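Data block below; observations after.
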Amino acid sequence: MLGEENLWPGGIVPYHLGPSITSGQQQVILDAMADYHSRTCIQFVERTWEDDYIEIVSDVPGCWSYFGRIGGMQRLTLDANGCIYVGTAIHELMHALGFYHEHTRDDRDNYVTIHYENILPGEEYNFDKDTYWQYVGENYNYASIMHYGTYTFSSDWGNLPTIVPHDPDVILVDAYEKLRMEDSDANQINNLYVNQCALRKT
4 MLGEENLWPG GIVPYHLGPS ITSGQQQVIL DAMADYHSRT CIQFVERTWE DDYIEIVSDV
64 PGCWSYFGRI GGMQRLTLDA NGCIYVGTAI HELMHALGFY HEHTRDDRDN YVTIHYENIL
124 PGEEYNFDKD TYWQYVGENY NYASIMHYGT YTFSSDWGNL PTIVPHDPDV ILVDAYEKLR
184 MEDSDANQIN NLYVNQCALR KT
């Protein structure tokens, strides 16, 4: 998570759907936003005049977003070839709110082992502990929408795990396999944005 200056004022996030977004893709994105609207204080609104906003596109490779509000137009990519899932959209939108991956939390070594030797070359940074993480009221959650699966970015998917949970009963599931965020995800969003959302006029 980042500082207040990187949060969206009032918890309101203007967005624009790029010309590459089809009607079917739009529905997936709206379903993801609906999870936020029903469980957090965040409001995604179609951009009108706002200078700071998210542009969502599907014609750029990868599933990717900036972390938090960076100022001006910032792109969020949901590649048509592999990223058009409700869970993936929720995951990337949570990045845009200012959240990093669950498995990069400073306390992650108490819960998982990262096998860097099994990670695709060039993707190791996705597993490094972030320097901005801060506690916002929830413990580590294997089921977080922000947690990678066992074989994410594996050099041999299905055979060489990149993340192994310390709890043998835990099965790590990728974001694209989920339809909603965890309660702990929603709680962290509400905790991080409590001051911003309180400023919003009703």
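With the sequence shown counted from 1, adding 3 to any position gets you this note's numbering.
For every residue, glycine included, the Cβ atom is placed at its ideal position computed from N, Cα and C.
Just so you know, these numbers come straight off a predicted model, no measurement behind them.
Under 9 Å between C-beta atoms of residue i and residue j
i, j, result
"S23", "D55", "no"
"G71", "G101", "yes"
"Y179", "G90", "yes"
"H118", "L163", "yes"
"M184", "Y69", "no"
"H94", "I148", "yes"
"T25", "A92", "no"
"L175", "Y196", "no"
"Q141", "N194", "A small fix is needed here, since residue 141 is Glu in this sequence, not Gln. Going by C-beta atoms, E141 is nearer than 9 Å to N194."
Residue i - DSSP class collapsed to helix/strand/coil
i, result
"C66", "strand"
"R78", "strand"
"F47", "strand"
"E58", "strand"
"I32", "helix"
"T116", "strand"
"L96", "helix"
"L202", "helix"
"Y151", "coil"
Nearest to residue i (by Cα), restricted to the options the options
i, options, result
"T80", "R111, Q28 and E141", "Q28"
"E120", "T134, D159, G140 and I87", "D159"
"T43", "Q30, V16 and E8", "V16"
"L96", "A189, N129, N198 and N113", "A189"
"R108", "G125, P64, N129 and K181", "N129"
"A99", "R183, E58 and Q30", "E58"
"H19", "V60, T25 and P64", "V60"
"T155", "I166, S147, K132 and A92", "I166"
"D172", "V115, R50 and P64", "V115"
"N198", "P64, V139 and S147", "V139"
"H169", "N113, A37, H106 and D186", "N113"
"I32", "L175, L182, L123 and N193", "L182"
Interface flag, residue i vs chain D, CB-CB below 9 Å
i, result
"G71", "Although the question refers to chain D, the structure presented lacks it and comprises just one protein chain."
Exposed unless 16 or more other CB atoms sit within 10 angstroms - verdict on residue i
i, result
"Q191", "buried"
"T51", "exposed"
"T153", "buried"
"G14", "buried"
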